[in-house]
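Student:
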Amino acid sequence: MKTQVGIIGGGPSGLLLSQLLDLQGIDNVVLEKHTRDYVLGRIRAGVLEHGFAGLMREARCGKRMDTMGEIHEGFYIAHDGTRDRIDLKGLTGGNSVVVYGQTELTRDLYEGREKMGGKVIHNANDVKPHDMATRAPYLTYHNGTGTVRIDCDYIIGADGFHGISRKSIPRDKIREYERVYPFGWLGVLSNTKPVSPELIYAKHERGFALCSLRSQTLSRYYIQVPLTDTVDDWSDDVFWAELKRRLPKDVAKDLITGPSIEKSIAPLRSFVAEPMRYGNMFLAGDAAHIVPPTGARGLNSAASDVYYLYHAMLDHYRNGDDSGLETYSEKALARVWKGQRFSWWMTTLLHSFPDSNPYDNRLQQTDIEYLLSSEKAMASLAENYVGLPF
Ligand code: APR
Ligand code: PHB
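Convert by adding 1480 to the 1-based position in the sequence shown; the result is the number in our numbering.
(1) Roughly how many whole angstroms lie between the Cα atoms of Glu1550 and Gly1570?
(2) Using the rule of at least 16 other Cβ atoms within 10 Å of the residue's Cβ for burial, across every protein chain shown, is Asn1508 buried or exposed?
(3) Could you give the C-beta distance for Asp1588 and Met1545, rounded to a whole number, given that I count them as a contact under 8 Å?
(4) Would you decide whether Ser1781 is buried or exposed? Buried here means 16 or more other CB atoms lie within 10 Å of its CB.
(5) What did DSSP end up calling Lys1482 once you bin it into helix, strand or coil?
(6) Can you name the residues that DSSP bridges to Tyr1556?
(7) Using a threshold of 8 Å, state whether the C-beta atoms of Asn1760 and Tyr1634 are closer than that.
(8) Distance, Cα to Cα, Leu1735 vs Ala1682?
(9) Have a look at the DSSP bridge pairing and note the partners of His1622.
(10) For the beta strand (DSSP E) that contains Gly1871, what are its first and last residues?
(11) Report whether the distance from the Cβ of Thr1614 to the nearest heavy atom of ligand 2 is below 7 Å.
(12) Where do the ends of the beta strand (DSSP E) carrying Gly1871 lie?
(13) May I ask you to report which of helix, strand or coil DSSP gives His1831?
(14) Give the C-beta separation of Ala1776 and Ala1525 to the nearest angstrom, bearing in mind that I take them to be a contact with Cβ-Cβ under 8 Å.
(15) Can you tell me which residues form a DSSP beta bridge with His1769?
(16) Is it true that the CB of His1552 sits closer than 8 Å to the CB of Ser1576?
Below, the structure is given as structure tokens:
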């Protein structure tokens, strides 16, 4: 088989790029290790920058997002028994975010690919990129009966943090930066009315908590937990009780509880691999970088990679101009690192660190007080939260 762009990974990054390229007549194939149901079974974050929403519309996959997604013009930071609102719209001169679940968004992208007759191959086993440093790279995978070879101009590694593409780059050609945090997030999804129409990020001495939502009838809540905890340690009742303890009293009294329909624990990690290119293979999304979810940057950082790659590919195939491909890694990383900084800062501001001393705690308290007393500090938070320009 032959194609122009071979994409490893059918998550949001791979699917969005595939759809955008196909609409421009650039032939591509997506190789996804799992079934579509498996990919859609993963519950992940759901806050989109308008830049991302724009890309979804450009990919002709924005209809459901525009009807079912919610525009959020602010969120709350809860601390010391009270809460302050971050007025995203006022602080950014009119900007906001779209709250729309990644599961839904991925479903829309799959439907978009299906409608266009896009080539998305599921259950592609043992995918391997070959000869990436040459002008004739190719992919192989097993389809159950034998090995299939796909020759391509370019390979895109969009196969997430645990994927094969980054791991296929020789160790001396890539550098990895990492911070692992000493806690995780326990997430619960429930068919209940959200406690607040806008998100609440809560700092509490017992640990961070987040009140988020997927719609006005579907809530998503998180609490910080030790890495040693398992889901079995947290019955629904124990979870709700702990969440209430970490919220201001006036919020906790309005919390509607119900059976969890999903419960999982995710560790928090910051990670970047540089450069995001090896020969004719380009990395995008979680394959190259991940952030702790506190700043809602993960999916949005992936989207900016897709934006840069898409435009670089267009310039190459339409105008024979390779400057976008040549500068892709540098441009993408500049924005990636800003997302890293912001996510690290939000995480440090709001979580309880098991090894922190009284001095660290006073600094953290001062950081919150300064933030909420300074219009300029809040404007900086808001500017990063709604997303820096591409
Ligand atoms: N071969 C083929 N596919 C693979 C392989 C492999 N060896 N390894 C992983 N995959 C697939 C996974 O099954 C998954 O569907 O690649 C996909 C990667 O998807 P994500 O992990 O969702 O990564 P990405 O598409 O970059 O999505 C952006 O930003 O922070 C996040 O939560 C956010 O997941 C979202 C991400
Ligand atoms: C979510 O709704 O899952 C969510 C929202 C905001 C975050 C992280 C996760 O910062």
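Just so you know, even glycine gets a beta-carbon here, dropped at the ideal spot from N, CA and C. If you're wondering where the values come from, they're calculated on a predicted model, not measured in any experiment.
Tutor: According to the structure shown:
(1) Sequence index remark: in the sequence shown, residue 1550 carries index 70 (1-based). Sequence index remark: in the sequence shown, residue 1570 carries index 90 (1-based). Using only the alpha carbons, I get a separation of about 18 Å.
(2) Looking up residue 1508 in the sequence shown gives position 28. Result: buried.
(3) Here residue 1588 refers to the residue found at position 108 when the sequence shown is read from its first residue. Here residue 1545 refers to the residue found at position 65 when the sequence shown is read from its first residue. With 8 Å as the limit, Asp1588 and Met1545 qualify as a contact, their Cβ atoms being about 7 Å apart.
(4) Numbered from its first residue, the sequence shown carries residue 1781 at position 301. Answer is buried; the Cβ neighbour count reaches 16.
(5) Against the sequence shown, residue 1482 aligns to sequence position 2. If DSSP states are grouped into helix, strand and coil, Lys1482 belongs with the strands.
(6) Translated into positions along the sequence shown, residue 1556 becomes position 76. Tyr1556 is bridged to Arg1565, Ile1680.
(7) Walking along the sequence shown from the start, residue 1760 turns up at place 280. Walking along the sequence shown from the start, residue 1634 turns up at place 154. The answer is yes: Cβ separation under 8 Å.
(8) As a working mapping, residue 1735 is identified with position 255 in the sequence shown. As a working mapping, residue 1682 is identified with position 202 in the sequence shown. Between Leu1735 and Ala1682, the C-alpha separation is close to 14 Å.
(9) Numbered from 1 along the sequence shown, position 142 holds the residue referred to as residue 1622. Answer is Asn1605, Thr1627, bridged to His1622.
(10) Here the chain has residues from 1481 to 1870 only, and residue 1871 is not among them.
(11) Position 134 of the sequence shown, counted from the first residue, corresponds to residue 1614. Result no, Cβ not under 7 Å from ligand 2.
(12) For the chain, the structure presents residues 1481 to 1870; residue 1871 sits outside this window and is missing.
(13) Reading the sequence shown from its first residue, position 351 is the one you call residue 1831. The answer is coil: DSSP assigns His1831 none of H, G, I, E or B.
(14) Indexing the sequence shown from 1 puts residue 1776 at position 296. Indexing the sequence shown from 1 puts residue 1525 at position 45. Going by Cβ atoms, the distance from Ala1776 to Ala1525 rounds to 6 Å, so yes, they are a contact pair.
(15) Taking the first residue of the sequence shown as position 1, residue 1769 is located at position 289. Val1752, per the DSSP bridge assignment.
(16) For this step, residue 1576 is matched to residue 96 along the sequence shown. For this step, residue 1552 is matched to residue 72 along the sequence shown. Yes; because the gap between Cβ atoms is below 8 Å, this pair is in contact.
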